[in-house]
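Chemist:
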Amino acid sequence: MSLQLRTLARQLPLRTSTRTFSALARRMAEGDSGAPRSGGSAQSDAFTKREQASEDFYVRQKEREYLERLRARVKSSEEQLEKDKAVSSSWTLTRARRGIGHGLTVGL
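And the structure:
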């Protein structure tokens with residue numbers, strides 16, 4: 001009978017525990033969620049204040065760059081409008097000199 005137990009024991013797979021690894025991974029990952037810390041300590045921590053100031057500076061810098069690009073586009077559009085007005089007025093003046101568009105005809 002003891003021979004049968006040994007044979008049976010050899011045939012059964014060895015049980016390995018993965019529980020310790022999963023528990024260890026969970027413990028190591030705690031606090032890495034990126035969520036703000038609760039309580040009053042989150043507001044008074046110097047690192048948190050520096051980090052918030054850095055993020056605010058980055059956002060303001062990106063907004064400033066965006067506004068500069070918008071201003072450049074508006075200026076470019078205004079310049080193009082001025083050119084178009086100049087072309088349009090000269091074209092209208094030319095048509096008026098020829099009598100086109102006002103019911104006048106030019107003798108050929």
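By UniProt numbering, the letter at position 3 of the sequence shown is numbered 3, and the numbering carries on one by one without gaps. A virtual CB, placed ideally from N, CA and C, is assigned to each residue, including glycine.
(1) In three-state terms, what does DSSP make of D84?
(2) DSSP state of D56, grouped into three classes?
(3) Below 6 angstroms CB to CB, which residues in the same chain sit around L108 once its five sequence neighbours on both sides are set aside?
(4) Whose C-beta lies closer than 8 angstroms to the C-beta of R50 among residues of the same chain, with five residues either side of it excluded?
(5) Using the Cα positions of D56 and S88, report the straight-line distance between them to the nearest angstrom.
(6) Output the distance between the C-alpha atoms of A72 and E79, rounded to the nearest integer angstrom.
Modeler: Reading off the structure:
(1) As a working mapping, residue 84 is identified with position 84 in the sequence shown. Three-state result, D84: helix.
(2) As a working note, residue 56 is residue 56 in the sequence shown. Helix, per DSSP.
(3) By 1-based counting over the sequence shown, the position of residue 108 is 108. Note that L108 scores a pLDDT of 49, beneath 50, so its modelled location is shaky; the value from the coordinates is reported in the next line. Excluding residues within five positions, none has a Cβ falling inside 6 angstroms.
(4) Translated into positions along the sequence shown, residue 50 becomes position 50. Same-chain partners within the cutoff: there are none.
(5) For the purposes of this step, residue 56 is taken as residue 56 along the sequence shown, with counting starting at 1. For the purposes of this step, residue 88 is taken as residue 88 along the sequence shown, with counting starting at 1. Rounded to the nearest angstrom, the two C-alpha atoms are 47 angstroms apart.
(6) The sequence position of residue 72 within the sequence shown is 72, counting from 1. The sequence position of residue 79 within the sequence shown is 79, counting from 1. Distance between the alpha carbons of A72 and E79 is about 11 angstroms.
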